[in-house]
Amino acid sequence: MIRLALPVISLVVLICAVFWLQPRAMSYVGLNLLFNLAVPIALATVAQMVIIMVGDIDLSMGAFVSLIACITAAILPGNPALGAVMLLGCIAAYAALGALIEARQLPAIVVTLGMSFVWGGAAVLILPSPGGTAPGWLTAVMKAKPPLVPMAIIASIIIAAVAHLVVMRSAFGVRLRALGGNARAVSRAGRSTIALRAWAYALAGVFAVAAGMALVGLTTSGDANIALRYTLLSIAGVILGGGEFTGGRVSPIGAVIGALTLTLAGSFLSFLRLSPDWQIGAQGAILILVLAARLVVRQAEKRA
Amino acid sequence: MMNIYKAPWFWAWVAAFAAFGATWSLSAGGGGGMALLVAALTFGSFSVLTGLGQMLVITMGPGNTDLSIPATMTLAATLSLKLMNGAGGVWIIAGLLTALLIGVGVGIVNFALIRLLRIPPIIATLSASFLYQSLAIWSNRGLRIKPPQALADFTTGRAVLGIPNLAWLALAITVVFWVILNRARFGRRISAIGQNPRAARLAGVPVASVTAATYVTCAVMAGLTGFLLACFSGGAALNMGAEFLLMSIAVTVIGGSSIAGGNSNVPGIWGGALFMYLIVSMLNSYGLGAGVRLLSTGVIIIAIVAIASGRKARL
Numbered sequence: 001m002i003r004l005a006l007p008v009i010s011l012v013v014l015i016c017a018v019f020w021l022q023p024r025a026m027s028y029v030g031l032n033l034l035f036n037l038a039v040p041i042a043l044a045t046v047a048q049m050v051i052i053m054v055g056d057i058d059l060s061m062g063a064f065v066s067l068i069a070c071i072t073a074a075i076l077p078g079n080p081a082l083g084a085v086m087l088l089g090c091i092a093a094y095a096a097l098g099a100l101i102e103a104r105q106l107p108a109i110v111v112t113l114g115m116s117f118v119w120g121g122a123a124v125l126i127l128p129s130p131g132g133t134a135p136g137w138l139t140a141v142m143k144a145k146p147p148l149v150p151m152a153i154i155a156s157i158i159i160a161a162v163a164h165l166v167v168m169r170s171a172f173g174v175r176l177r178a179l180g181g182n183a184r185a186v187s188r189a190g191r192s193t194i195a196l197r198a199w200a201y202a203l204a205g206v207f208a209v210a211a212g213m214a215l216v217g218l219t220t221s222g223d224a225n226i227a228l229r230y231t232l233l234s235i236a237g238v239i240l241g242g243g244e245f246t247g248g249r250v251s252p253i254g255a256v257i258g259a260l261t262l263t264l265a266g267s268f269l270s271f272l273r274l275s276p277d278w279q280i281g282a283q284g285a286i287l288i289l290v291l292a293a294r295l296v297v298r299q300a301e302k303r304a
Numbered sequence: 001m002m003n004i005y006k007a008p009w010f011w012a013w014v015a016a017f018a019a020f021g022a023t024w025s026l027s028a029g030g031g032g033g034m035a036l037l038v039a040a041l042t043f044g045s046f047s048v049l050t051g052l053g054q055m056l057v058i059t060m061g062p063g064n065t066d067l068s069i070p071a072t073m074t075l076a077a078t079l080s081l082k083l084m085n086g087a088g089g090v091w092i093i094a095g096l097l098t099a100l101l102i103g104v105g106v107g108i109v110n111f112a113l114i115r116l117l118r119i120p121p122i123i124a125t126l127s128a129s130f131l132y133q134s135l136a137i138w139s140n141r142g143l144r145i146k147p148p149q150a151l152a153d154f155t156t157g158r159a160v161l162g163i164p165n166l167a168w169l170a171l172a173i174t175v176v177f178w179v180i181l182n183r184a185r186f187g188r189r190i191s192a193i194g195q196n197p198r199a200a201r202l203a204g205v206p207v208a209s210v211t212a213a214t215y216v217t218c219a220v221m222a223g224l225t226g227f228l229l230a231c232f233s234g235g236a237a238l239n240m241g242a243e244f245l246l247m248s249i250a251v252t253v254i255g256g257s258s259i260a261g262g263n264s265n266v267p268g269i270w271g272g273a274l275f276m277y278l279i280v281s282m283l284n285s286y287g288l289g290a291g292v293r294l295l296s297t298g299v300i301i302i303a304i305v306a307i308a309s310g311r312k313a314r315l
């Protein structure tokens, strides 16, 4: 619970700051606008969190989500069967990556960096120029207007709940976290580390596919470069949400909160009229600041 | 000499020669051999220069990778070309110094984040790289400033034996790196840290200062490459460094250095760099589109890394 305190506090502070700068945001429409784009980012962040949980890092997340967006916008509306097969194939490819990384003991950073070229190339082949359309049902889901609470908030809560149940409460999730905590103990206990890492990547692939589809549901078209910044955003979201790089210590609810905070930070910076030149830099700076803050907190705890 | 095929760089060179033969035979009945060689040496030089820096960082062991190379290249190129503003003479020296100093600054920032904030190097260099990139965007404002004529002539010229000047320069720097890594105390210390950081520290290796020097060296190499690349291609561009992140890691691994650290290999960098350029130009000469080219580059790199690195310790 303490792990969640810092992310929750930063989100609340940021929400207050946004409301203070822009009181009109304090409404159903305002909240929906603020958090709309957070849904795909939250899904991508949970995907990245699963990878970080098993001790790896995925530098191809942005390219992969872009590829999924291209498949969703270019193929799914006209040929649902083929589109579904391709999306499942993408998840299978992710599982294969996990197996390859474990079997050959490769550094995930090199493999995923290489895969970012593969996903990017595939996305250009499928959708050479920006375009396509979103399947009707997807737009209907993403742009639904439930009473009282905006869709973006409901979706975030559902994502956090599902991720929490799968990762923290199920036997499957415990085994995956054990792989990140102590891979050797897992293999001594008679589990195949190759199979487990493949499962972890497959789970990440499922969330990343959902992220690409949700993104198309909002933008209603695809582009091979649509989500390239998701690589940084997803890593930052995991860290912001209290996840650590080693030992399988992550927090799915924190990751979703981290993604919401990052999205809000983007709006906050544009309310402040920060030059767009500095938007990317600001995200890097936020990341560094959070890590610095965490170090300070941890050292204060040690002293106490 | 008997066991030359056992040298870690041997297979990188074999692959480079094979790729050269294959590409040459594809290009218009084998006429453009020299042109192909010149192109491979020129573009290979840029990969070699970034690869040498990345190799030092990777040699320091698992988790050490510098992801800020592309942003550093762009920042150094943008600011140094802006300073020179096309003027020659003393301004060329000022521009070069600017690029190198930016490298020093970036290296120090990267190291400070890693050391003081105890951020894993990958995250530290990644998040800092976005700051460098923003700085470059902000200072550039989309303007494309031409490099001084003398520098443009130097980087595109072939003064000695018909070999590109850039290749001679990269070769000279490679020799320096070979001496540093194999004959100097600094190189021994890097390898010691990569093999066992704890043992290195207990043996009296000043881990902090060696790490600092390594990250600074890597960033200085990135700055220099950015400077040369901008002069070669007629100006700085915001995405000019994009391909060199994967390239610098790929040439290190293909060249026979251990991806798990502790073991570096200087001659292999050249084999890896030439091979990578030739493979990409082979794909080009088949007339394939950008999508297929990207896709195959990624697959080839992963395949080589998977085959080359075998089962080694990963942490």
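Those protein sequences? They're chains A and B, same order as listed.
Letter by letter, the first sequence follows residues 1 to 304 of the numbering used here.
Letter by letter, the second sequence follows residues 1 to 315 of the numbering used here.
All C-beta atoms, glycine included, are put in the ideal place defined by N, C-alpha and C.
Assigned with DSSP and collapsed to three states, ILE226 of chain A falls in coil, not helix or strand. Neighbours of GLY120 of chain A in chain B, taken as residues whose beta carbon is under 7 Å from its own, are LEU294 in chain order. Between ALA93 of chain A and chain B, the shortest Cβ-Cβ separation is not below 8 Å.
One alpha carbon belongs to SER234 of chain A, the other to VAL209 of chain A, and they sit about 14 Å apart. Take SER68 of chain B, set aside five residues on each side of it, and the residues of its chain with a beta-carbon closer than 8 Å to its own are VAL106, ASN110, THR125, LEU126, ALA128, SER129, TYR132, ALA219, ALA222, in chain order. Closest by C-alpha distance to SER270 of chain A, out of A:VAL12, A:VAL18, A:VAL8, is A:VAL18. Taking all protein chains in view, the Cβ of ARG189 of chain B is crowded by 16 or more other Cβ atoms within 10 Å, so the residue is classified as buried. Going by C-alpha positions, SER251 of chain A is about 22 Å away from TYR94 of chain A. Taking CB atoms only, ILE71 of chain A has no neighbour in chain B less than 8 Å away. Remark: C-beta atoms of GLY61 of chain B and ILE180 of chain B do not approach each other more closely than 8 Å.
An exposed status is given to TYR28 of chain A, since fewer than 16 other beta-carbon atoms sit within 10 Å of its beta-carbon. VAL54 of chain A is not bridged by DSSP to any residue. For the options A:LEU287, A:GLY237, A:ALA103, the alpha carbon positioned closest to that of ALA183 of chain A is the one of A:ALA103. Under the 8 Å criterion on CB atoms, SER134 of chain B is classed as interfacial with respect to chain A.
One finds GLY298, ILE302 in chain B with Cβ atoms closer than 8 Å to the Cβ of MET115 of chain A, taken in chain order. A check of alpha carbon separations from ALA189 of chain A across A:TRP199, A:VAL256, A:ARG197, A:ARG175 identifies A:ARG175 as the nearest.
Membership of LEU101 of chain B in the alpha helix (DSSP H) is indicated by the continuous run 90-116.
Look at GLY89 of chain A here: in three-state DSSP terms it is helix. Along the segment 186-224 of chain B, the alpha helix (DSSP H) occurs as fully enclosed runs of 4 or more residues at 197-202, listed in sequence order. Rounded to the nearest whole angstrom, the C-alpha separation of ALA160 of chain A and ALA204 of chain A is 14 Å. Residue contact with chain A for PRO197 of chain B: absent (no Cβ-Cβ distance below 8 Å to any residue of chain A). Around the Cβ of PRO148 of chain B, a 10 Å sphere holds 16 or more other Cβ atoms; the residue is buried. Interface residue (Cβ-Cβ distance to chain B less than 8 Å): GLY254 of chain A is not classified as such. Judged by their CB atoms, THR261 of chain A and SER10 of chain A are nearer to each other than the 8 Å cut-off. ARG197 of chain A counts as buried, since at least 16 other C-beta atoms from the protein chains shown sit within 10 angstroms of its C-beta. Restricted to the segment 77-139 of chain A, the alpha helix (DSSP H) segments that are unbroken, complete and at least 4 residues in length are 80-103, 108-126, listed in chain order. ALA87 of chain B and LEU151 of chain B have their C-alpha atoms spaced approximately 10 Å apart.
Distances from the CA of LEU56 of chain B to each of B:TRP178, B:GLY103, B:ILE307, B:ALA306 were compared; the closest alpha carbon is that of B:TRP178. Under the three-state reduction of DSSP, ILE69 of chain B is assigned to helix. The beta carbon of VAL141 of chain A sits closer than 7 Å to those of GLY217, all from its chain and outside the five residues before and after it, given in chain order. At least one CB of chain A lies nearer than 8 Å to the CB of VAL253 of chain B. Of all residues in the segment 248-282 of chain A, the ones placed with a Cβ closer than 8 Å to any Cβ belonging to chain B are SER275, ASP277, TRP278, GLN279, ILE280, GLY281, ALA282, in chain order. Distances from the alpha-carbon of TRP9 of chain B to those of B:SER257, B:SER285, B:GLY298 put B:SER257 closest.
For VAL149 of chain A, the three-state secondary structure derived from DSSP is coil. In this structure, DSSP gives ILE163 of chain B an extended state, which the three-state scheme calls strand. The way I'd put it, the segment 87-96 of chain B doesn't touch the segment 202-220 of chain B; fewer than three beta-carbon pairs between them come closer than 8 Å.
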